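J.: The following block contains the structure, expressed as structure tokens.
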Ligand code: SF4
Ligand code: SF4
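Chains as they are written, first to last, in our numbering: chain A, 33 to 329; chain B, 88 to 275.
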């Protein structure tokens with residue numbers, strides 16, 4: 033399988049281990065990602081806070097380039113915010129002629145919105161991908177209890193994402209189970225992490241992160257798994273107050289790609305697991321060791 | 088008799104509702120939106136209150152609320168609303184209107200402007216530059232800074248940002264978006 037790939041800004045900096053793990057996993061299961069030529073920021077979240085048309089034009093520019101360069105390929109991204117902005121532009125261009133006209137005039141290029149926009153969860157749960165994952169996983173993560181955190185924008189708004197279940201989605205649970213891990217039932221799968229307001233309204237958004245982590249741990253999770261670099265950053269980097277103010281226990285947070293990569297035998301160094309703020313390698317290594325595998329950390 | 092001011096408010100409110108594609112009487116004030124809103128604890132006008140204000144014609148309370156700046160756009164409210172009232176759409180339109188009317192939350196404005204400056208320069212969003220500039224301008228120099236040494240050691244942030252080559256095109260696009268949006272066709 034081949035897709036046009038929109039990495040998004042976080043993938044180039046803070047989400048280093050997510051990026052390396054994604055490259056590793058996609059390579060192993062035979063999914064080719066072709067980076068969109070000269071892509072630009074999708075605008076999340078200030079683009080549409082400032083100006084509606086700019087909020088549509090920013091993602092549409094990259095989509096139009098993708099459709100021009102690779103007209104046969106659908107588009108995929110690993111970031112929930114990018115996914116929402118890209119899909120929103122696609123949806124608007126498809127359903128509202130006036131908007132499409134304005135978008136095309138703004139980006140100075142036709143945008144037909146002919147191809148679909150997917151997130152990693154969509155493409156990893158295709159039958160072909162699931163078979164390939166099964167074939168490549170060694171099964172060593174058995175017994176590792178994880179809470180699958182989807183966040184808002186991988187599932188909402190329903191008319192844009194088309195997600196079948198917005199309160200208790202299953203795609204990531206299915207994927208981590210294929211990797212041998214044990215997804216727990218919990219209540220905060222799609223609760224908001226505060227997104228960019230962790231910057232401009234920090235004191236009132238930090239508790240959003242803490243209650244997510246608390247619920248994950250109350251339901252037995254040893255780690256939280258994400259499908260978005262921004263969710264991951266918020267849940268991981270904002271744990272300070274959780275441990276200091278509420279007496280919570282730090283909990284590793286890593287992406288679904290990292291979990292898959294380790295289950296497929298990638299070493300900690302290969303995917304830069306050491307780059308996590310809250311150590312992630314230890315919990316994965318000890319899960320592997322329970323089955324006589326494991327890597328040095 | 089309605090005063091001129093009330094009439095003007097009513098017209099603006101009707102236009103706001105039309106642009107947001109929200110009908111105020113779809114809302115029957117059940118409160119599920121507020122119940123699920125992750126930011127309700129910090130809002131001075133809760134999501135249900137926003138809808139109540141549209142019903143009683145109080146545009147002013149909406150545009151002056153902190154709600155429109157604190158909403159994260161998570162869409163939990165509309166997902167759970169029995170009548171599919173699209174509150175985030177309404178809030179987004181209200182934010183544009185509030186900005187036009189001169190009611191802007193300072194910290195949001197700083198973040199949005201720093202963000203746009205970033206896009207103009209690089210075509211991409213350079214996260215730590217964004218956070219750093221925001222902190223300086225909003226006088227919160229220490230926010231998130233304890234994590235910087237870790238990020239530098241592990242090369243999570245670099246000195247030279249990755250960037251879009253065609254930044255001239257990006258700047259033209261921003262200028263056009265600003266120009267055209269003033270003549271955006273009303274409604275859907
Ligand atoms: S959930 Fe819907 S109907 Fe109920 S108060 Fe909120 S907007 Fe009104
Ligand atoms: S979209 Fe805004 S108002 Fe609605 S639940 Fe989320 S934060 Fe609250």
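Think of the CB as a built atom: it goes at the ideal place given N, C-alpha and C, for glycine as much as any other residue.
From a predicted model like this one, the values you see are computed outputs, not experimental measurements.
Whole angstroms is fine: what's the gap from residue 306 of chain A's alpha carbon to residue 316 of chain A's?
T.: Whole-angstrom Cα-Cα distance: 12 Å.
J.: Run through the stretch 170-238 of chain A for me and flag every whole alpha helix (DSSP H) of 4 or more residues, listed as ranges in chain order.
T.: DSSP runs (the alpha helix (DSSP H)) wholly in the stretch 170-238 of chain A: 190-193, 203-210 and 229-232.
J.: Are residue 211 of chain A and residue 173 of chain A close, meaning C-beta to C-beta below 8 Å?
T.: Taking 8 Å as the Cβ cut-off, residue 211 of chain A and residue 173 of chain A qualify as a contacting pair.
J.: With DSSP as the reference, please indicate the residues paired to residue 255 of chain A in a beta bridge.
T.: DSSP output for residue 255 of chain A lists A:178 as bridge partner(s).
J.: Does any CB atom of chain B fall closer than 8 Å to the CB of residue 71 of chain A?
T.: With 8 Å as the cut-off, residue 71 of chain A counts as an interface residue toward chain B.
J.: I'd like to confirm something about residue 130 of chain B: is its beta-carbon nearer than 7 Å to some heavy atom of ligand 1, or not?
T.: Answer for residue 130 of chain B: no, Cβ out of range of ligand 1.
J.: I'd like to confirm the pairing. Which residues does DSSP put opposite residue 65 of chain A in its beta bridges?
T.: Paired residues: A:35.
J.: Along chain B, in chain order, which residues have C-beta atoms closer than 9 Å to that of residue 195 of chain A?
T.: Near residue 195 of chain A there are no residues of chain B at all, since even the closest Cβ is about 10 Å away, more than 9 Å.
J.: Establish whether the CB of residue 258 of chain B and some CB of chain A are separated by less than 8 Å.
T.: So, not an interface residue.
J.: For residue 160 of chain B, is the beta carbon positioned less than 7 Å from some heavy atom of ligand 2?
T.: Flag set: Cβ of residue 160 of chain B near ligand 2.
J.: Got a sec: does ligand 1 put a non-hydrogen atom nearer than 7 Å to the Cβ of residue 124 of chain B?
T.: No, ligand 1 has no heavy atom inside 7 Å of this Cβ.
J.: State the start and end residues of the unbroken alpha helix (DSSP H) segment that holds residue 141 of chain B.
T.: From DSSP, the alpha helix (DSSP H) with residue 141 of chain B extends over 134-143.
J.: Determine the closest residue to residue 271 of chain A out of A:242, A:293, A:258 and A:177, with distance taken between C-alpha atoms.
T.: Of the candidates A:242, A:293, A:258 and A:177, the one whose C-alpha sits nearest the C-alpha of residue 271 of chain A is A:242.
J.: Identify the continuous alpha helix (DSSP H) that holds residue 163 of chain B and give its terminal residues.
T.: Per DSSP, residue 163 of chain B belongs to the alpha helix (DSSP H) from 163-167.
J.: Kindly give me the distance between the Cβ atoms of residue 71 of chain A and residue 94 of chain A, rounded to whole angstroms, as I take these residues to be in contact under 8 Å.
T.: Their Cβ separation, rounded to whole angstroms, is 4 Å, which keeps residue 71 of chain A and residue 94 of chain A in contact under 8 Å.
J.: Can you give me the C-alpha to C-alpha distance between residue 246 of chain B and residue 209 of chain B, rounded to a whole angstrom?
T.: Interpretation of residue 246 of chain B is limited by its pLDDT of 49, a score under 50 that renders its predicted location unreliable; no figure is taken from the coordinates.
J.: Examine ligand 4 and report whether any of its heavy atoms sits within less than 7 Å of the Cβ of residue 178 of chain B.
T.: Judged by which ligands are present, ligand 4 is missing from the structure shown, whose ligands are ligand 1 and ligand 2.
J.: Quick one: complete beta strand (DSSP E) runs, 3+ long, within the stretch 294-318 of chain A?
T.: Fully enclosed beta strand (DSSP E) runs of 3 or longer: not present.
J.: Would residue 149 of chain B count as contacting chain A if we go by Cβ distances under 8 Å?
T.: No, residue 149 of chain B does not count as interfacial toward chain A.
J.: Classify residue 237 of chain A as buried or exposed, calling it buried when 16 or more other Cβ atoms lie within 10 Å of its own Cβ.
T.: Result: buried.
J.: So for residue 263 of chain B, helix, strand or coil by DSSP?
T.: Residue 263 of chain B: helix per DSSP, three-state reduction.
J.: In this structure, how does DSSP classify residue 109 of chain A when only helix, strand and coil are distinguished?
T.: Of the three classes helix, strand and coil, the one that applies to residue 109 of chain A here is strand, per DSSP.
J.: Residue 287 of chain A lies in the beta strand (DSSP E); which residues open and close that run?
T.: Start and end: 285-287.
J.: Taking residue 69 of chain A as the reference, give the member of B:263, B:189, B:253 and B:202 with the closest Cα.
T.: Considering only alpha carbons, the answer is B:253.
J.: So with CB distances below 8 Å, who are the chain B contacts of residue 236 of chain A?
T.: Per Cβ cutoff of 8 Å: 126, 128, 129 and 157.
J.: Quick check: what's the CA-CA separation for residue 255 of chain A versus residue 261 of chain A?
T.: Each residue's alpha carbon lies about 16 Å from the other.
J.: Within the same chain, show all residues whose beta-carbon is closer than 7 Å to that of residue 98 of chain B, passing over the 5 residues directly before and after it, in chain order.
T.: Nothing meets the Cβ criterion.
J.: Check whether the Cβ of residue 275 of chain B lies closer than 8 Å to any Cβ atom in chain A.
T.: Residue confidence for residue 275 of chain B is low, a pLDDT of 30 falling below 50, so the modelled location carries little weight; the figure read from the coordinates is stated next. Answer yes: the Cβ-Cβ gap between residue 275 of chain B and chain A drops below 8 Å somewhere.
J.: Chain B beta carbons: is any one of them nearer than 8 Å to that of residue 64 of chain A?
T.: Output row for residue 64 of chain A: interface = no.
J.: To the nearest whole angstrom, what separates the beta carbons of residue 96 of chain A and residue 139 of chain A, a pair I think is in contact under 8 Å?
T.: At roughly 6 Å, the Cβ-Cβ gap stays under 8 Å, so residue 96 of chain A and residue 139 of chain A are in contact.
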